[in-house]
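Residue numbers (the UniProt record's numbering): 1 to 148.
C-beta: ideal position from N, C-alpha, C; glycine also.
See structure below.
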């Protein structure tokens with residue numbers, strides 16, 4: 001007959017293991033104050049509604065005239081965009097769009113507005129979204145200003 005020994009752990013050991021597990025699960029994020037990266041994906045149709053999964057990055061050299069699904073950071077208003085490794089400034093900045101409920105009546109605020117981005121030419125970027133229409137941007141050498 002085979003003998004099996006069962007070791008019982010004390011409450012302190014169980015609590016320690018549980019604490020380590022919870023800390024590991026919570027420590028998966030990066031800098032909590034950092035804005036999520038802006039990202040893009042090639043698309044021949046208008047942008048789909050946002051999902052919880054990030055979009056694929058835009059190519060380093062996007063093709064002029066190609067529409068890319070793009071989430072524009074709008075937390076402080078529509079003034080700057082980061083696209084294809086460049087900073088762009090809106091010709092006519094707009095205030096931050098108000099969050100709207102989805103088809104289930106739930107309002108979720110991410111600070112981003114889904115839409116499409118297209119390079120009209122090397123120095124002109126257009127962002128389009130059903131709520132704000134089309135916003136035209138041009139490259140700048142300045143960093144986006146923080147919210148005031």
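Unbroken beta strand (DSSP E) run spanning residue i, endpoints
{"i": "residue 135", "result": "133 to 140"}
{"i": "residue 124", "result": "124 to 129"}
Beta-carbon proximity list for residue i, same chain, < 8 Å, skipping 5 on both sides
{"i": "residue 131", "result": "97, 100 and 113"}
{"i": "residue 74", "result": "96, 97, 111, 112 and 113"}
{"i": "residue 60", "result": "84 and 85"}
{"i": "residue 105", "result": "none"}
{"i": "residue 123", "result": "138 and 139"}
For residue i, the residue or residues it bridges with in DSSP
{"i": "residue 114", "result": "71"}
{"i": "residue 121", "result": "124"}
Neighbourhood of residue i by C-beta distance below 7 Å, restricted to the same chain and skipping five residues each side
{"i": "residue 94", "result": "77, 78, 132 and 135"}
Would you mind listing the beta strand (DSSP E) stretches within the segment 53 to 96 that are 3+ residues and don't spill past its ends, in chain order? Segments of the beta strand (DSSP E) lying fully in the segment 53 to 96: 67 to 73, 78 to 83 and 86 to 94.
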